[in-house]
Amino acid sequence: MHHKYSNPLWSKASYQTGTYSVRHMKLGDMNSVRKWRNDQIAVLRQTHRLTVLHQIIYYFFHIKKERNRHLPKQILFSVEKEGNLIAYGGLVHIEWRTLSAEFSFLHSGGEESSNYRESLRIFIDILRSELCPLLNISTLTTETYLTRSHHISLLEENGFVRHRNEFLLTNSKSTFHIMEIF
């Protein structure tokens, strides 16, 4: 079946690994994502609490709109375990000129969840093995707060390395970049 979008990414509905599934984000996921973002605002660059209306507008004017672009600026996915939505993430700030993107990931229960390590690993593996090659993305970056030592150690465990320390004042928290080159 020919998919209406020109980008090859949209032709596959989901990516499976064991009991995990990574699929394109749906409107029905947005309220859960809103709650997770509001609950974990301290670890995000987000500066205000999100409303249901914010999320609906964001879905239609950003997530869905990007699906019509040949070279999207961001591609967001929902992560399910045994059919239950547990996380979301994706490739954001995609730079097609340099074939690079920022990787994002947020788990429903935060980084202290019992399956955070496994969920993050599987999501990174699917990005690395399936999605980045499909899109010719050769460089992934991510930003996180230095206070997230557990998250940072898991990123490093999954092959990310500190590329440079660049301390920026963002919501009164320091950030640094981690980068992986395939």
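Read in our numbering, the sequence shown has 1289 at position 125, and its numbers run on one by one without any break.
Note that CB positions come from ideal geometry on N, CA and C, so glycine has one too.
Buried versus exposed call for residue i [16 or more other C-beta atoms within 10 Å across all chains shown]
{"i": "Val1186", "result": "buried"}
{"i": "Gly1254", "result": "buried"}
{"i": "Ser1178", "result": "exposed"}
{"i": "Gln1219", "result": "buried"}
{"i": "Ala1206", "result": "exposed"}
{"i": "Arg1128", "result": "Residue 1128 is absent from the structure shown; the chain starts at 1165 and stops at 1346."}
{"i": "His1269", "result": "Correcting the residue identity first, residue 1269 is Phe in this sequence and not His. The residue in question, Phe1269, is buried, as its Cβ has 16 or more Cβ neighbours within 10 Å."}
{"i": "Leu1291", "result": "buried"}
Any non-hydrogen atom of the ligand NAD closer than 7 Å to residue i Cβ
{"i": "Leu1240", "result": "This structure simply doesn't include the ligand NAD, nor any ligand for that matter."}
Sequence-distant residues of the same chain with beta carbon closer than 6 Å to residue i, five excluded per side
{"i": "Asp1289", "result": "none"}
{"i": "Glu1275", "result": "His1314, His1315"}
{"i": "Leu1240", "result": "Met1189, Ile1227, Gly1254"}
{"i": "Tyr1184", "result": "Lys1245, Ile1286"}
{"i": "Lys1168", "result": "Note that Lys1168 scores 45 on pLDDT, short of 50, meaning its location in the model is unreliable; the coordinates nonetheless yield the value given after this. Excluding sequence neighbours, Lys1168 sits near nothing in its chain."}
{"i": "Phe1267", "result": "Leu1304, Thr1306"}
{"i": "Tyr1223", "result": "Leu1191, Met1194"}
{"i": "Pro1236", "result": "Glu1230"}
Distance, residue j Cα to residue i Cα
{"i": "Ser1272", "j": "Glu1230", "result": "24 Å"}
{"i": "Asn1322", "j": "Leu1310", "result": "17 Å"}
{"i": "Thr1215", "j": "Ile1258", "result": "26 Å"}
{"i": "Glu1282", "j": "Leu1318", "result": "10 Å"}
{"i": "Glu1294", "j": "Ser1302", "result": "12 Å"}
{"i": "Ser1277", "j": "Leu1284", "result": "11 Å"}
{"i": "Gln1204", "j": "Cys1296", "result": "27 Å"}
{"i": "Val1256", "j": "Arg1312", "result": "20 Å"}
{"i": "Leu1191", "j": "Gln1238", "result": "16 Å"}
{"i": "Ile1221", "j": "Glu1320", "result": "35 Å"}
Residue from the options whose Cα sits closest to the Cα of residue i
{"i": "Tyr1252", "options": "Arg1213, Asn1232, Arg1261, Met1194", "result": "Met1194"}
{"i": "Gly1247", "options": "Ser1278, Gly1182, Leu1217, Lys1199", "result": "Gly1182"}
{"i": "Ser1264", "options": "Asn1202, Lys1199, Leu1318, Leu1298", "result": "Leu1298"}
{"i": "Arg1213", "options": "Arg1201, Thr1306, Ser1242", "result": "Arg1201"}
{"i": "Arg1261", "options": "Asn1300, Leu1208, Thr1211", "result": "Asn1300"}
Minimum Cβ-Cβ distance from residue i to chain C less than 8 Å
{"i": "Leu1319", "result": "You won't find chain C in this structure, because it holds only one protein chain."}
Per DSSP, the bridge partner or partners of residue i
{"i": "Gly1247", "result": "Partner(s): none; Gly1247 has no beta bridge."}
{"i": "Phe1241", "result": "His1188, Gly1253"}
{"i": "Ser1178", "result": "Arg1187"}
{"i": "Phe1269", "result": "Gly1253"}
Chain-order list of residues whose beta-carbon lies under 8 Å from that of residue i (same chain, five-residue window excluded)
{"i": "Leu1249", "result": "Asp1193, Ser1196, Ser1242, Val1243, Ser1272"}
{"i": "Tyr1280", "result": "His1271, Gly1273, Gly1274, Leu1318"}
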